[in-house]
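Worksheet for the structure shown next.
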Amino acid sequence: MKRLVGLVSLLSFPLVISGCQLTGNTGELAWGETAATENLEITPETIQIGTEENQIDKNEGLPQVTSTGQVALIELNIENTGGSPVEIDRDFYYHSFGILHNEEAMPGEFYISRMDLDAFPFDVYTGGLEEGEAVDTQLIIVTGRGKVQNLLFDSDGDLEDDYEVSWEIED
């Protein structure tokens, strides 16, 4: 019996360490707080979640949400604080930002959804951002039904393995 407990403890150790590493390597911020990365300052300002019952009519061009999905509309400010221009394009949005959410159909499973301007050509800011310039823009991310947990940012685009900053999205 002692041996079984020891084996279970040993097998559980990497899971605990992995969880600690992920949490320890990220900046957990409250909604509205500014994250300062190497080149950018990012501030999420507002969020609206649209569902079939609660459509967002703020922007024309938002997808009509059905019973199987929802859309998150996030307004944010991005300022270039680095020494060189930053290009804000489809790849920047897609690789740098994501929403962590769970799916109603798969309780306990979490997913990261992203904004893809090729699939959904939303009218958001695209272009260069010179040093010292700031822009107000939006993220429009379509997800399945479920709870939207966090807005994630990673300048290296590696959201699945780790991320630099996470903002908790409160109900």
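Residue numbers (mature numbering (1 follows the signal peptide of the UniProt record, and there is no 0)): -18 to -1, 1 to 153. Built from N, CA and C at the ideal position, the CB exists for glycine as well. These numbers come from a predicted model, not from an experiment.
- In the three-state DSSP reduction, Tyr76 falls in the helix class (H, G or I).
- Ser148 is the residue among Gly128, Thr125, Ser148, Val130 whose C-alpha sits nearest the C-alpha of Asp136.
- Straight through space, the alpha carbons of Glu91 and Glu112 are spaced by roughly 40 angstroms.
- Excluding five sequence positions before and after Glu69, the CB atoms of its chain that fall closer than 7 angstroms to its own CB belong to Gly110, given in chain order.
- Annotation: Leu11 to Ser49 spans about 31 angstroms, alpha carbon to alpha carbon.
- Take the alpha-carbon of Thr19 and the one of Asp39: they are about 33 angstroms apart.
- Taken through DSSP and simplified to helix, strand or coil, Thr16 comes out as coil.
- By the CB criterion at 7 angstroms, Leu58 and Glu27 fall inside the cutoff.
- The shortest CA-to-CA distance from Met97 to any of Gly114, Pro89, Ser78, Glu86 is the one to Ser78.
- Ile81 and Leu133 have their alpha carbons spaced roughly 5 angstroms apart.
- Within the same chain, Glu113 come within 7 angstroms of Gly65 by CB-CB distance, once the 5 residues on both sides are set aside.
- The beta-carbon separation of His83 and Val130, rounded to 5 angstroms, stays under the 8 angstroms limit for a contact.
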